[in-house]
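Read through the structure below, which is laid out as structure tokens, and then see the notes.
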Ligand code: NAP
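So, in structure tokens, the structure goes:
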């Protein structure tokens, strides 16, 4: 997902007159040898990191004085030396004396920061006896790989770390739920008010916001890796993601937070789209992935005006309706909300559904393009038999939208009762998924898959046999990763027109962007970004 270089990103910020925040990006450097570490350090500098965390515990061989001197002398960026023992989640399992002596040596030889674990700080302080060069900042750290304690316990932890003489407080906890991150934001913001430099992270995918929104709450640094998956702690984004995907340099206290709520959600391209669009017009917002288990808890926790708007995907589109203070009448009849705006005047949540607009208009355009005339409703869908696979949020939206255009509706779903329910409400036929393979009462039908069947990583799956596709003139797939699913490939081979989920995605995104920002959607930019996928 490398769209622009860090230099281009910085230049964009300059052009738009946006001031860069003071939160640093620190690249963890883990390698077998000193030479490899130096190569990685140079690469992280090119990517745009501000400092490097040299993880001495990852080295296969380490000659303390010689290697530390080399690393400090040749490091292209300010350094942070960490020598993490196995008892704190690292790789060093040797004796404590040598480990602490190596950290002291790094400090004496000119390291800009060293990281000492809270559990070892008394021993370290006894070793150093106050003899610390002023240049070197002492980070005292604590890691919790199980959960995220209460605000009170975290506050006590910060106070305890501060009392050790730390220049910078660091703690990392684990996100059991995305709401855990809110407690860490609270602690970070309080620390900033009291003038305590703090590094506070919540590990794991559900903790992503803690890493991205650091500058908003005043964190000293966040960690960004060189490559996806090459992390020193769970959930770290890459430097490129921070800079290019999340516009990290431009985030600040007033930045409004938007996001996509779902489970799973990591595959979503929405952050790419909205953040590029925000940056293109200098809109002070950031859009992040939000891996949410329970929408009610989520909205109860993130209730401030700063959390301004949300897209919603699998599996929450229906349960989110009950969380909204007001729901648009169309969304109400569909029974699914895919976009929630927090009204800035009274903080109330307003839910609507933009799903069907993008898909239906893309299907109509394709039909018209292939010579199908508009019917009485003014749409080429009028009178057509429109078969929807799936009875979730997207399925209901498509069925509702096609019905509005005068199509006759058939819903096929794995859980037949759900198909029956929608068919009864909007006036249509219900099928089980198994019935679909023999269903073909007439030629020229339209098929819309709205299940996640065929979505990455299960790209070999398809909801209907190739044989059964022969009755369809046009096949649409809501899945957009990959762009051409097995269903669409086989439909094309059978001679049907195809409409991809990307077209639906772009259409619904135009509308959400306008609702989020009050600005016209940069349609060309959206198309350009999505054409790469
Ligand atoms: P949802 O509300 O959770 O509904 C999921 C539907 O898929 C249900 O009908 C479910 O059947 C069915 N389903 C799930 N897994 C299945 C399986 N293994 N076999 C058979 N049926 C299965 O989700 P949604 O929000 O409607 O989203 C559905 C899909 O549309 C997702 O892939 C999403 O990424 C895509 N989508 C794309 C766009 C776009 O812009 N392109 C927009 C929205 C959604 P049961 O009722 O039996 O559980």
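In our numbering, the protein residues as written are 795 to 1327. Where is the CB? At the ideal position from N, CA and C, for every residue including glycine. The model shown is predicted, which means the values in this text are computed figures rather than measured ones.
Query, Result
"Nearest CA to the CA of residue 1021: which residue from 1213, 1309 and 835?", "835"
"Quick check: the segment 1237-1251 against the segment 1266-1279, are at least 3 beta-carbon pairs closer than 8 angstroms?", "yes"
"Check whether the segment 991-1009 and the segment 1045-1053 touch, using three or more Cβ-Cβ pairs below 8 angstroms as the test.", "yes"
"How is residue 1271 classed by DSSP in three states: helix, strand or coil?", "strand"
"Less than 8 angstroms between C-beta atoms, sequence neighbours within five positions excluded: which residues of the same chain meet that for residue 1259?", "1231"
"Does the segment 1220-1229 come close enough to the segment 1278-1286 to have 3 or more Cβ pairs within less than 8 angstroms?", "no"
"Tell whether a beta-carbon distance below 8 angstroms holds between residue 1200 and residue 1169.", "yes"
"Quick check on the burial criterion: 16 or more other C-beta atoms within 10 angstroms. Buried or exposed for residue 1116?", "exposed"
"Inspect the beta-carbon positions of residue 1018 and residue 821 and report whether they are closer than 8 angstroms.", "yes"
"May I have the straight-line CA-CA distance separating residue 938 from residue 1027, to the nearest angstrom?", "11 angstroms"
"Could you please give the first and the last residue of the uninterrupted beta strand (DSSP E) stretch that includes residue 1136?", "1133-1136"
"Identify whether residue 1220 lies in helix, strand or coil by the three-state DSSP scheme.", "helix"
"Where residue 922 and residue 898 are concerned, what is the direct C-alpha to C-alpha distance, given to the nearest angstrom?", "7 angstroms"
"When the distance is taken between beta carbons, is residue 982 closer than 8 angstroms to residue 969?", "no"
"DSSP state of residue 1148, grouped into three classes?", "coil"
"What is the residue span of the alpha helix (DSSP H) that residue 864 lies within?", "858-868"
"Could you tell me which uninterrupted alpha helix (DSSP H) segments, each at least 4 residues in length, are contained entirely in the segment 1039-1118, listed from first to last along the chain?", "1064-1075 and 1089-1095"
"Give the range of the alpha helix (DSSP H) segment to which residue 1239 is assigned.", "Here residue 1239 belongs to no alpha helix (DSSP H); instead the beta strand (DSSP E) covers 1239-1243."
"Tell me which residues share the same chain as residue 1128 and place their Cβ nearer than 6 angstroms to its Cβ, disregarding the 5 neighbours each side in the sequence.", "1147, 1190, 1191 and 1194"
"Please find out if some non-hydrogen atom of the ligand NAP comes closer than 7 angstroms to the beta-carbon of residue 786.", "In the structure as shown, the chain begins at 795 and stops at 1327. Residue 786 is therefore absent and cannot be evaluated."
"Do residue 967 and residue 991 count as a contact pair if the criterion is CB distance below 8 angstroms?", "no"
"Check residue 814 in the structure and name its three-state DSSP category.", "coil"
"With distance defined between alpha-carbon atoms, name the residue in 965, 903, 877 and 882 nearest to residue 892.", "877"
"How many angstroms separate the CA atom of residue 1309 from the CA atom of residue 813?", "26 angstroms"
"Apply the 10 Å Cβ neighbour rule to residue 1328 and answer buried if 16 or more other Cβ atoms are within range, or exposed otherwise.", "Shown here, the chain extends from 795 to 1327; a query on residue 1328 therefore has no answer."
"Using only CA atoms, which one of 1163, 1206, 1315 and 1153 lies nearest to residue 1295?", "1153"
"Within the continuous beta strand (DSSP E) that includes residue 936, where are the two ends?", "931-937"
"Hey, how far is the Cα of residue 933 from the Cα of residue 848?", "14 angstroms"
"Exposed or buried, residue 1093, counting other C-beta atoms within 10 Å across all chains shown (16 or more means buried)?", "buried"
"When you compare each of 1036, 1080 and 832 to residue 846 by their alpha carbons, which one comes out closest?", "832"
"Any chance the CB of residue 1246 is under 7 angstroms from a heavy atom of the ligand NAP?", "yes"
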